[in-house]
Structure formats: C-alpha cells, structure tokens
Amino acid sequence: MATRRRADAENDNAADGRTRWKVFTLVFAAGISGVALMLTGLSKGAVAASFAVSGTSYKASADKLTADGVVQFGSVDRSADEAHPVLVNGFKHAKLTNFCQSIRVPDLPGVGDATVRIEAADGMTADNLVLGVEQVEGDLTLDNVEIGRDASKLDTGPEGVQGTPGGFGIQASGATIDDLKQQAWSTTASTLNLNDVNISVVPGNEPCY
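First residue of the sequence shown: 327, per the numbering used here; consecutive thereafter.
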C-alpha cells in the first residue's frame, strides 16, 4: 500500500507539472553526473558574483522559501587568492520566512571566534535575488521545471542571469523549499527587505544551523 501511495503521489506531481525532492545538495536534480555537468562552465571562466567575494562563506536558514522565476547553473565566485565553485541560484522574486544568516569571524584579538547574526523573524523578501551557493538542503518542490536546458538560454530568472553556452542549466516557473539550510559565498539583489531585523555579534561559533 505504501508503494502504491508513493506511485500515486508521483503521478499527481507529473500531472500538475510539479517536481518534488525530499533533500537536495548542490543541485536541484539528484546525481553526481548532474553536478559535474552543471560545473562544466567553470573551465570557461563563468563568474557568479559581480564582485570579489570576501573569502568567507556564510550560512543561512529559513522555515520556508517561496520563489518565482527560478534558474540554476554552475559558476565560480572569486576571492582575492582563490576560486570557489558554486551553483548560481537566481530568483525573480523570493520570500523567506523566519530568516537567519550567520557569518563566522575567526580569531579576533582578545576575543577569539565571533559570529555575526542577521535575523528577521518576520521574514525577508527580495527581487532579482542571485546566490552563489556551495550547499543547500531542504524539502523542494519545483513548478514547470526544465532540467538540462542550455545555461546560456535560461530565461525565467532575473534578467541577464545566464550561464555559458553549452553549460548545464535548470529553470522553473516557481519553487518552494521547506526547512531551508544553505551555505553560500555571495548574494546580490535589486531589492532586499528584512522585516523586524536584528543584527548582533556574539562570541564563539553560533551559526544559524
């Protein structure tokens, strides 16, 4: 009976154009081959962020992310002395509930490690949000998804957010991620709103998750 219920759920998802994955890491579509394909753009010099990143990644979490206009492809964020392979996640519009972001600051004189925490209990909204992501976990649903599209032909995400010709890309009309946890190198957005924000510096390593 459990097998039948699972099959019925999969058929329902196919019928309404929605694709679900329980957990995903680095890539919307499961499989090491998918990760390798999405990172083929790295050798061609694709760069995710439009600025040099700090060399320190950050963690972020949210109870739920809902987004419209979703694209993903492989790229690189560059710090002063290192290149960081990332997956670019682009969203035309995104809303996150109970948002938290944490940045570890190591070896402060007289203090040791410290953590900068940015928390928005009432959530965050963003337009033309682009993330250079290292790892993502959560419960994912994609609407009207296309997997394996040429990364240079992606057209549902923020304007101009595309990969290199021939690169492996994914796009969807919408996405929902429950229990979001991610580690990333960069964030850009045309508009970013943090509701009821609280920014603090706390001693020790106190990440969002």
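Glycine residues also receive a C-beta, built at the ideal position from the N, C-alpha and C atoms.
Subject >> Local Cβ density within 10 Å of glutamine 415, reported as buried at 16 or more and exposed below that >> reply: At residue 415 the sequence reads asparagine, which differs from the glutamine that was named. Buried.
Original post:
So, phenylalanine 417 versus leucine 455, is the Cβ gap smaller than 7 angstroms?
Top reply: yes
**OP:** Please name the residue in Val487, Leu480, Pro484 and Gln509 whose C-alpha comes closest to that of glutamate 463.
**Re:** Gln509
Subject >> Runs of beta strand (DSSP E) wholly within the stretch 407-457 (minimum 3 residues, chain order) >> reply: 409-423, 425-434 and 438-446
Original post:
Using a Cβ-Cβ cut-off of 7 angstroms (strictly less than) and excluding sequence neighbours within five positions of valine 412, which residues of its own chain qualify?
Top reply: Ala374, Ser401, Val402, Asp403, Gly458, Val459, Glu460 and Trp511
Original post:
With 16 as the cutoff for other CB atoms within 10 Å, does lysine 479 come out buried or exposed?
Top reply: exposed
**OP:** Assess, as a yes-or-no matter, whether the stretch 419-438 is touched by the stretch 491-498 under the definition of 3 or more beta carbon pairs within less than 8 angstroms.
**Re:** no
**OP:** Mark alanine 406 as exposed unless 16 or more other C-beta atoms lie within 10 angstroms of its C-beta, in which case mark it buried.
**Re:** exposed
Subject >> Residue range of the beta strand (DSSP E) that includes glycine 395 >> reply: 384-404
Original post:
Residues in its own chain within less than 7 angstroms of alanine 446 by CB, not counting five upstream and five downstream?
Top reply: Phe425, Leu520, Asn521, Asp522 and Val523
Subject >> Pairwise C-alpha distance: valine 431 and serine 516 >> reply: 27 angstroms
Original post:
How is glycine 367 classed by DSSP in three states: helix, strand or coil?
Top reply: Residue placement at glycine 367 is poorly supported in this model, since its pLDDT is 49, which falls under 50; the coordinates still yield a value, given next. In this structure, glycine 367 counts as helix in the three-state DSSP scheme.
Subject >> N- and C-terminal bounds of the beta strand (DSSP E) containing asparagine 524 >> reply: 523-529
Subject >> Selection from Glu472, Gln488, Pro529 and Asp476 that minimises the alpha carbon distance to alanine 501 >> reply: Glu472
Subject >> aspartate 469 versus serine 526 - alpha carbon distance >> reply: 37 angstroms
Original post:
Do you know offhand how far threonine 392's Cα is from arginine 344's?
Top reply: 14 angstroms
Original post:
Within this structure, are the beta carbons of alanine 388 and glutamine 427 separated by less than 7 angstroms?
Top reply: no
Original post:
Quick one: is asparagine 337 buried, meaning 16 or more other Cβ sit within 10 Å of its Cβ, or exposed?
Top reply: Any answer about asparagine 337 is weak, because its pLDDT of 49 lies below 50 and its placement is not dependable; what the coordinates show is given next. It is exposed - the Cβ of asparagine 337 has fewer than 16 other Cβ atoms within 10 Å.
**OP:** Could you pull the start and end residues of the beta strand (DSSP E) that lysine 507 belongs to?
**Re:** 494-514
Original post:
How would you call glycine 483, buried or exposed, if buried means at least 16 neighbouring beta carbons within 10 angstroms?
Top reply: buried
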